[in-house]
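Encoded as structure tokens, the structure appears first; notes follow it.
In the numbering used here, the protein residues as written are 74 to 808.
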């Protein structure tokens with residue numbers, strides 16, 4: 074590793090920037106790795122704090138310890154509070170709140186590294202800090218004679234010792250602590266070489282709860298233990314003593330008195346003795362961020378659920394442990410005992426020096442149901458450089474409310490949309506736009522996008538939108554640079570929506586007569602490579618014209634849910650046939666498949682056999698006798714196929730499946746899949762799993778198997794499957 078130059082190391086660090094365990098390991102390799110890692114680690118500390126590897130382990134819930142996470146959050150917030158205390162050190166000393174020399178200077182100016190803040194995660198961290206130190210704004214939380222300080226876990230905890238510059242060629246490296254990084258919860262406590270702690274202690278990592286019993290025996294210094302190479306077994310007793318003393322002093326700080334002194338008197342008066350009084354701390358730290366993060370911040374988000382689906386890491390269960398200021402409340406309803414005000418956060422653009430801190434953010438994500446109208450308006454005055462904007466305009470009042478309340482709510486939503494439009498208008502180069510719900514004035518938002526960003530927009534995602542008519546094509550035709558179109562969980566205001574099997578299409582708003590303008594206007598999207606209509610019910614004519622205005626270079630296609638097979642009867646357009654003859658570079662295909670479309674599907678895969686990487690067949694309600702089709706597909710060389718999924722009632726025998734997975738006729742005899750999926754069916758049983766296991770011994774490989782069954786799968790078969798396949802998900806359906 075010493076031979077790698079800093080540019081290579083930097084690329085490695087950037088590749089693992091969301092993997093906190095790996096980042097912690099990189100810190101302790103040597104000085105070069107440290108310098109290339111520290112700013113990345115601290116660029117999104119709140120995101121790393123509340124993420125975990127449960128998704129990698131394919132576990133529905135994580136094994137993170139609640140008390141550990143609370144201590145980690147406390148240590149993180151404590152770092153930022155240390156900077157604020159140092160700014161006001163003399164005043165605090167004069168008021169007998171702290172003592173001279175009680176606060177040590179942090180090793181780095183960590184605030185300079187901060188790039189991304191999510192307010193929900195930040196709010197959770199403040200709540201954890203508030204509860205951990207039992208902060209009370211009415212009385213002291215700890216007696217001066219208390220000699221039993223609480224030792225935080227060593228995550229985002231300040232490194233109090235000096236990091237000495239050493240010669241990397243020397244073998245006696247004295248600046249490394251043996252550290253445990255992301256150890257399994259089931260592993261025993263590793264205490265070997267526990268005396269090998271020198272100049273790096275309290276490193277930022279995640280440790281087991283079981284380690285704490287041994288840690289407390291080492292003079293109140295949290296030790297991380299893992300075997301490190303080229304490390305001497307020297308023990309620096311002087312450093313240990315200094316660290317023990319400093320830790321003890323820091324733990325005796327009266328945070329309640331410090332925070333009361335630093336707080337804005339108006340905020341202190343308004344929030345004291347309320348469920349939101351922890352936000353007194355939030356206001357202090359956010360003011361500090363606004364003053365110190367000059368042009369550093371790149372992403373600001375108010376997001377409760379959405380952002381993690383874009384990462385391989387899940388939010389840990391503590392991410393949803395508390396209701397926060399961004400949790401889902403009915404607007405205007407404040408009699409909820411857990412209702413927390415959000416004004417501290419929504420007034421962020423009005424903080425002192427906010428213009429210097431926020432003016433250069435590139436991503437703004439607001440998926441909370443809180444009304445963000447004034448927030449959008451304030452930002453529009455000086456935030457003009459957004460690349461990505463993700464917004465939720467949601468109607469959260471229940472339908473059984475009084476009419477005047479609904480009318481009032483509607484006016485609030487229209488005002489919110491109007492201020493969103495102002496924010497969109499002010500952007501210079503908006504390339505990614507994501508809109509959730511928006512029950513009012515959706516067409517006005519699209520008009521503004523068309524007017525202001527027709528040349529720039531590359532990705533358009535509409536989630537939960539209800540389209541009233543075919544005007545969506547009027548808007549799409551202007552986005553000539555559009556590369557990705559996502560319509561997720563969208564619906565169309567069609568009179569036939571409630572009767573999916575109705576073959577009367579006379580009232581279909583997407584009939585041929587309504588699309589003459591496409592021919593007249595010559596609408597064409599030459600750069601569109603990804604169409605994702607996942608979980609949306611798509612009218613036949615809409616799908617037809619959408620595919621017809623696409624470039625032939627389309628690579629990703631999910632055609633969503635078609636209303637009914639009857640829409641194909643009497644039509645000259647069949648989507649599967651059209652795809653097979655017009656798109657030769659398809660890499661990802663997700664579609665339903667009716668029996669009379671099987672031959673078109675075979676042709677499609679024959680033309681795209683080299684490029685296709687993912688195939689997901691998802692029948693909403695129709696069954697398909699798929700045996701003959703699957704048998705023919707088994708003879709096609711699917712060289713790069715990595716995901717093969719069957720969802721719904723596609724009927725074929727276990728022997729036909731075996732032939733598809735392993736076939737001597739093919740160039741690649743056995744398929745090499747990352748994922749094999751059989752879900753939402755009534756036919757998968759022990760016999761199919763037996764054949765899959767046989768194929769695994771005969772050239773077929775698979776990293777992940779996902780199955781659902783009506784009957785019980787024999788435990789011994791699942792044991793064998795998990796011995797041969799890294800991840801096996803098996804869900805038994807009831808009823």
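Note that CB positions come from ideal geometry on N, CA and C, so glycine has one too.
Query, Result
"Does the region 453 to 465 come close enough to the region 480 to 488 to have 3 or more Cβ pairs within less than 8 Å?", "no"
"Report all residues from its chain with a CB closer than 8 Å to the CB of residue 188; omit the five preceding and five following residues, and keep chain order.", "116, 117, 369, 370, 371, 372"
"How many angstroms separate the CA atom of residue 536 from the CA atom of residue 463?", "10 Å"
"Across the region 732 to 748 and the region 772 to 783, are there enough close Cβ pairs to call them in contact, namely three or more that are closer than 8 Å?", "yes"
"On the DSSP letters alone, give me the boundaries of the alpha helix (DSSP H) that residue 621 sits inside.", "613 to 621"
"Reducing DSSP to helix, strand and coil, say where residue 659 ends up.", "coil"
"Look at the alpha carbon of residue 448 and the alpha carbon of residue 693, and state the distance between them as a whole number of angstroms.", "41 Å"
"Quick one: complete alpha helix (DSSP H) runs, 4+ long, within the region 169 to 213?", "192 to 205"
"Given 7 Å as the limit, tell me if residue 435 has its C-beta closer than that to any heavy atom belonging to the ligand FAD.", "The ligand FAD is not part of this structure, which contains no ligands at all."
"Inspect the beta-carbon positions of residue 499 and residue 457 and report whether they are closer than 8 Å.", "yes"
"With distances taken between CB atoms, is the gap from residue 430 to residue 375 smaller than 8 Å?", "no"
"Tell me whether residue 598 is buried or exposed, calling it buried when 16 or more other Cβ atoms sit within 10 Å of its Cβ.", "buried"
"Figure out for me which residue from 104, 336, 123 has the closest Cα to the Cα of residue 92.", "123"
"What distance in whole Å lies between the Cβ atoms of residue 691 and residue 660, which are believed to be in contact at a cut-off of 8 Å?", "Actually they do not touch by this definition, with Cβ atoms about 17 Å apart."
"Less than 7 Å between C-beta atoms, sequence neighbours within five positions excluded: which residues of the same chain meet that for residue 86?", "99, 109, 110, 113"
"So residue 564 packs on residue 609, CB below 8 Å; how close in whole Å?", "7 Å"
"Taking just the CA atoms, how far does residue 682 sit from residue 555?", "27 Å"
"May I ask you to report which of helix, strand or coil DSSP gives residue 716?", "strand"
"What residue does the alpha helix (DSSP H) around residue 112 start on, and which one ends it?", "104 to 114"
"If contact is defined by three or more beta carbon pairs under 8 Å, each pair taking one atom from either stretch, is the region 703 to 718 in contact with the region 670 to 688?", "yes"
"Which residue from 492, 139, 557, 497 puts its Cα closest to that of residue 524?", "497"
"Determine the DSSP secondary structure at residue 372, reduced to helix, strand or coil.", "strand"
"Determine whether the beta carbon atoms of residue 183 and residue 328 lie at a separation below 8 Å.", "no"
"Can you check which of these residues, 783, 721, 151, is closest to residue 355 by C-alpha distance?", "151"
"Do residue 750 and residue 786 have their beta-carbon atoms positioned less than 8 Å apart in this structure?", "no"
"Closest to residue 758 by CA distance: which of 101, 803, 194 is it?", "803"
"Quickly, what does DSSP pair residue 635 with across the bridge? List them, please.", "611"
"Look at residue 798 and residue 777 and say whether their C-beta atoms are less than 8 Å apart.", "yes"
"Pull up the distance between the alpha-carbon of residue 793 and that of residue 715, whole angstroms please.", "22 Å"
"What is the residue span of the beta strand (DSSP E) that residue 760 lies within?", "Looking at the DSSP string, residue 760 is not in any beta strand (DSSP E); the run it does join, the alpha helix (DSSP H), is 759 to 769."
"Just to confirm my understanding: we take residue 488, look at its own chain, exclude 5 residues before and 5 after, and list those with CB closer than 6 Å. What are they?", "446"
"Sort 466, 196, 437 by Cα distance to residue 491 and report the nearest one.", "466"
"Which runs of the alpha helix (DSSP H) at least 4 residues long sit entirely within the region 319 to 353? Give them in chain order.", "328 to 335, 338 to 344"
"Please report how far the alpha carbon of residue 575 lies from the alpha carbon of residue 652, in whole angstroms.", "Residue placement at residue 575 cannot be trusted, given a pLDDT of 43 that sits under 50; what the coordinates show is reported in the next sentence. Each residue's Cα considered, the two are about 26 Å apart."
"Does residue 151 come out as helix, strand or coil in the three-state DSSP assignment?", "helix"
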